Structure formats: structure tokens, C-alpha cells
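Trainee: Numbering-wise (the working numbering), the sequence shown opens with residue 9 and increments by one. Cβ atoms here follow ideal geometry from the backbone N, Cα and C, with glycine treated the same way. Keep in mind the model is a prediction, meaning the values are calculated, not measured. Mind having a look at this structure? Questions to follow.
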Amino acid sequence: MTRPVLITLCGLPGTGKTTLSRAVATALPAQHLRIDTIEAAMKARGFKFDGASGDAGYLVAYALARDALTLGQSAVVDAVHGWPAAERLWFKALSGLNAAHLIVELTCSDLTAHRKRIETRVADIAGMTLPDWEAVEGRTYLPPDQRDLMIDTATTGIEAATALILEGARDTATRD
């Protein structure tokens, strides 16, 4: 029997995190935990993401991921993860569980394509404001200290990227 897997997808907005997270979660199957959805729901109730509470959406996502892993279900967390403290949340979610972890960083090396993705996206969450290109370009993003896969979505299509992630998840889940 294989272990459940926590799949962490990280990268700037517009690199394909949600598209790939949905494809992977459907194929495994796994819980799809999208920070944008969690934060939009919290904002709708008046929550402010600032100061010490800026990571609240991530805390909720990883608490839900831990619940899924405890039940033997895999989880895919879909978020930028562009700050060092995010990595501590990954390991806290896994602490004491017999679960595997696959860290996938998504990039888009073609700046023209990346910009077009950002400028043509349509929000699929009520009330969500998507970042514009200037916000994405000016965002401080620190890549994870460790990653199992790095996928450039400018050169790797959705089906191929999904297959790479699924293969990585299977390999990670069966490792001792």
C-alpha cells in the first residue's frame, strides 16, 4: 500500500498552479486546497491579511491537508508559497504522519507568454481581484529551499506536466 502524498505546487501567479493542481487532484484522486479560494472566503467575512495574520490562508490550507493525510487521502496545495515560513507549514502538516511530500515549483520562462496569461485571466472566484502584470513582476518571490520537480510551463504542456507530477507523486509515495 502506498502512502498519501502532500503535493505542494508553488510559483508566481500565472505559472499554471491551479490548472495543474486540478488535473493532478482529479487524476490521483486528492483534495485540492487552493489558497485563493480559502482567502476569498475569509475576505468575504471581513478578514484582513496583514502583519501576523498574513499567513492565515496558508495555515487553514495546511490544517485541512493534515486532516486529509490523517485519513489516508492525498492533498494538493495550490499557492504561491513565495516566502520561507511557508516551508515550515509543509513540515508541520506532515509531522508524525506516514505521508510523503512532493514539492513542485512552476515557472514560466517566456515572459511574453507569462504576461499574456496574467493579462487574459478571468477570476473564477466571486469577488477575487487578480493581480496585474506589474504586481506579478514586482512581487517578492523566494523559491523553495528544496524542490523535487521544477517545471517550466512555457515549454511543458498541461498533459506532460500533469504526467510528471503524477509520476513524482507515485515515486515519492512508494519510497521507504
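From this set, 15, 42 and 59, which residue's C-alpha is nearest residue 136's C-alpha?
Mentor: Nearest option by C-alpha distance: 42.
Trainee: In whole angstroms, give me the CA-to-CA distance for residue 171 and residue 71.
Mentor: Computed Cα separation, rounded: 27 Å.
Trainee: Taking just the CA atoms, how far does residue 78 sit from residue 115?
Mentor: Approximately 31 Å between the Cα atoms of the pair.
Trainee: For residue 98, is the classification buried or exposed, using 16 other Cβ atoms within 10 angstroms of its Cβ as the cut-off for buried?
Mentor: Flag for residue 98 reads buried.
Trainee: Can you give me the start and stop residues for the beta strand (DSSP E) that residue 82 sits inside?
Mentor: Residue 82 -> beta strand (DSSP E) spans 82-86.
Trainee: Would you kindly work out how many angstroms separate the C-alpha atoms of residue 81 and residue 55, rounded to a whole number?
Mentor: Roughly 29 Å between the two C-alpha positions.
Trainee: In the DSSP output, which residue or residues are listed as bridge partners for residue 113?
Mentor: For residue 113, which the question treats as bridged, DSSP gives the partners 18 and 158.
Trainee: Just grab the DSSP bridge partners of residue 41 for me.
Mentor: According to DSSP, residue 41 bridges with 85.
Trainee: Does DSSP put residue 31 in a helix, a strand or coil?
Mentor: Note: residue 31 maps to helix in three-state DSSP.
Trainee: Taking the alpha helix (DSSP H) that residue 149 belongs to, which residues open and close that run?
Mentor: Here residue 149 belongs to no alpha helix (DSSP H), and DSSP marks it neither H nor E.
Trainee: Which same chain residues, not among the five before or five after residue 9, have their C-beta less than 6 Å away from its C-beta?
Mentor: For residue 9, the predicted structure reports a pLDDT of 46, less than 50, and the residue's modelled location is therefore unreliable. The matter cannot be settled from this model.
Trainee: What span of residues does the alpha helix (DSSP H) with residue 119 cover, start to end?
Mentor: Here the alpha helix (DSSP H) through residue 119 covers 119-128.
Trainee: Taking the Cβ atom as the reference point for each residue, do residue 177 and residue 36 lie within a distance shorter than 8 Å?
Mentor: Taking 8 Å as the Cβ cut-off, residue 177 and residue 36 qualify as a contacting pair.
Trainee: Along the chain, where does the alpha helix (DSSP H) that runs through residue 64 open and close?
Mentor: It spans 64-78 - the alpha helix (DSSP H) in which residue 64 sits, taken as one unbroken run.
Trainee: Put residue 171 into one of helix, strand or coil per three-state DSSP.
Mentor: It is helical.
Trainee: Is it the case that the Cβ atoms of residue 111 and residue 156 are separated by a distance below 8 Å?
Mentor: Yes; because the gap between Cβ atoms is below 8 Å, this pair is in contact.
Trainee: Evaluate residue 130 with the Cβ neighbour count: other Cβ atoms within 10 Å of its Cβ, from every protein chain shown; 16 or more gives buried, anything less gives exposed.
Mentor: With fewer than 16 other Cβ atoms within 10 Å, it is exposed.
Trainee: What's the gap between the Cα of residue 181 and the Cα of residue 26?
Mentor: Approximately 22 Å, taken between the alpha carbons.
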